[in-house]
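S.K.:
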Amino acid sequence: MAREPATTRSTRPALRLFWDSTIGKKAVMAVTGLLFVVFLLAHMAGNLKIFFGAGTFDHYAGWLRTIGEPVLPHAWFLWIQRAVLILALGLHVVAAVQLSARDRKARPVRYAHRPRPRASFATHTMRWGGATLAVFIVWHILDLTAGVVSQDFVADRPFHTVVADFQVWWVNLVYLVALLMLGLHINHGFWSAAQTLGLESASRGRAIKVAGTVLAVVITGGFMIVPIAVMTGWVG
Ligand code: HEM
Numbered sequence: 061m062a063r064e065p066a067t068t069r070s071t072r073p074a075l076r077l078f079w080d081s082t083i084g085k086k087a088v089m090a091v092t093g094l095l096f097v098v099f100l101l102a103h104m105a106g107n108l109k110i111f112f113g114a115g116t117f118d119h120y121a122g123w124l125r126t127i128g129e130p131v132l133p134h135a136w137f138l139w140i141q142r143a144v145l146i147l148a149l150g151l152h153v154v155a156a157v158q159l160s161a162r163d164r165k166a167r168p169v170r171y172a173h174r175p176r177p178r179a180s181f182a183t184h185t186m187r188w189g190g191a192t193l194a195v196f197i198v199w200h201i202l203d204l205t206a207g208v209v210s211q212d213f214v215a216d217r218p219f220h221t222v223v224a225d226f227q228v229w230w231v232n233l234v235y236l237v238a239l240l241m242l243g244l245h246i247n248h249g250f251w252s253a254a255q256t257l258g259l260e261s262a263s264r265g266r267a268i269k270v271a272g273t274v275l276a277v278v279i280t281g282g283f284m285i286v287p288i289a290v291m292t293g294w295v296g
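Heads up, the final residue of the sequence shown is numbered 296 in our numbering, and it's a clean run with no missing numbers.
#1: What residue range does the alpha helix (DSSP H) around Asp225 cover?
#2: Give me the Cα-Cα distance between Ala130 and Gln141, rounded to the nearest whole angstrom.
#3: Looking at ligand 1, does it come within less than 7 angstroms of Ala276, judged from the CB to the closest heavy atom?
#4: Could you pull the start and end residues of the alpha helix (DSSP H) that Thr92 belongs to?
#5: Would you kindly work out how many angstroms separate the C-alpha atoms of Ala253 and Arg264, rounded to a whole number?
#6: Is any heavy atom in ligand 1 found nearer than 7 angstroms to the beta carbon of His200?
#7: Could you check whether the Cβ of Asn232 sits closer than 7 angstroms to any heavy atom belonging to ligand 1?
#8: Given a cut-off of 8 angstroms on the beta-carbon distance, is the pair Thr221 and Lys86 in contact?
#9: State the DSSP-derived secondary structure class of Pro130, mapped to helix, strand or coil.
#10: Quick one, which of Val98, Gly190, Leu124, Leu75 has its alpha-carbon nearest Asp216's?
#11: Residues in the same chain with beta-carbon distance under 7 angstroms from His248, minus the five sequence neighbours each way, listed in chain order, please.
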């Protein structure tokens with residue numbers, strides 16, 4: 061009978077053990093969360109090019125499709141990035157759902173007639189905010205990448221599409237609410253990730269909280285300024 065190679069036998073259980081442990085799932089959430097922060101900083105910085113006009117913004121969107129050329133074929137970098145983000149999002153969401161199920165199971169119910177102790181405000185915000193963000197991301201891609209729900213989608217002219225989108229009050233409302241949720245999520249998530257990864261200490265505690273808040277304000281504000289600029293006629 062063929063024997064399983066030694067490497068498979070030794071690495072698979074270790075990965076499995078890691079994923080099954082609570083700290084393993086939290087570490088996966090922390091690392092994938094930090095990856096999203098890197099993506100969001102880059103996306104936000106790119107969006108700010110809208111202030112330099114249609115030519116610059118549309119040229120930038122075109123340039124995104126040429127990253128890695130000629131080593132990579134046209135737009136491959138974007139597809140690799142999409143694959144990595146989808147995988148990371150899948151892991152982030154599955155770990156979150158499993159951790160919250162584990163948390164509910166572990167909570168002692170002292171008396172049958174008493175209501176279960178309620179999760180903290182931060183936990184509720186993370187769970188509901190996370191679910192809202194997941195719905196927003198799907199809607200956002202259908203809106204500005206696929207053009208399915210956009211008000212006036214023109215392929216290869218993202219400046220036109222974005223400006224047309226933010227002429228509509230309820231589209232602005234959707235974006236602004238989602239961005240506030242994103243800010244709250246980053247603010248608490250950054251601190252949680254720092255704790256999981258062992259960066260938190262008595263001396264650094266406050267600095268980490270401040271860093272999380274600054275990051276949340278910069279990302280949220282940097283994204284929000286685009287719909288606000290279109291709404292007020294600054295861009296358009
Ligand atoms: C005012 C806020 C935002 C604006 C104006 C905006 C704009 C855009 C535009 C124009 C695209 C299409 C890019 C292209 O095809 O070249 C895009 C794609 C995308 N955006 Fe945003 N975005 C915003 C906020 C966000 C937020 C908050 C997230 C995540 C939480 C996000 C995640 C994505 C993703 C994942 C894509 C798809 C990238 C791809 O095609 O691979 N965006 N965004």
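Heads up, the beta-carbon is just placed ideally off N, CA and C, and yes, glycines get one too.
M.R.: Looking at the atomic coordinates:
#1: In the sequence shown, the residue the question calls residue 225 occupies position 165. For Asp225, the uninterrupted alpha helix (DSSP H) segment begins and ends at 218–225.
#2: As a first step, residue 130 is located in the sequence shown; it is residue number 70 there, counting from the start. As a first step, residue 141 is located in the sequence shown; it is residue number 81 there, counting from the start. According to the sequence provided, residue 130 is Pro. The question's Ala does not apply to it. For Pro130 and Gln141, the distance between alpha carbons rounds to 17 angstroms.
#3: Counting from one through the sequence shown, the residue named residue 276 turns up at place 216. Within the chosen limit of 7 angstroms, ligand 1 does not reach the beta carbon of Ala276 with any heavy atom.
#4: Within the sequence shown, numbered from 1, the residue matching residue 92 stands at position 32. Per DSSP, Thr92 belongs to the alpha helix (DSSP H) from 82–107.
#5: The sequence position of residue 253 within the sequence shown is 193, counting from 1. The sequence position of residue 264 within the sequence shown is 204, counting from 1. A direct Cα-to-Cα measurement between Ala253 and Arg264 gives close to 14 angstroms.
#6: Residue numbering aside, residue 200 sits at position 140 when the sequence shown is read from its first letter. In this structure, ligand 1 has a non-hydrogen atom nearer than 7 angstroms to the beta-carbon of His200.
#7: In the sequence shown, counting from the first residue as 1, residue 232 sits at position 172. The beta carbon of Asn232 sits no closer than 7 angstroms to any heavy atom of ligand 1.
#8: Counting from one through the sequence shown, the residue named residue 221 turns up at place 161. Counting from one through the sequence shown, the residue named residue 86 turns up at place 26. Annotated as distal: Thr221 and Lys86, with beta-carbon spacing of 8 angstroms or more.
#9: Taking the first residue of the sequence shown as 1, we reach residue 130 at position 70. Looking at Pro130 - three-state DSSP - the assignment turns out to be coil, as it is neither helix nor strand.
#10: One-based indexing of the sequence shown puts residue 216 at position 156. The option with the nearest alpha carbon to Asp216 is Leu124.
#11: Residue numbering aside, residue 248 sits at position 188 when the sequence shown is read from its first letter. Counting only residues of its own chain and dropping the five nearest sequence neighbours on each side, His248 has a CB closer than 7 angstroms to the CB of Ala182, Thr185, Met186.
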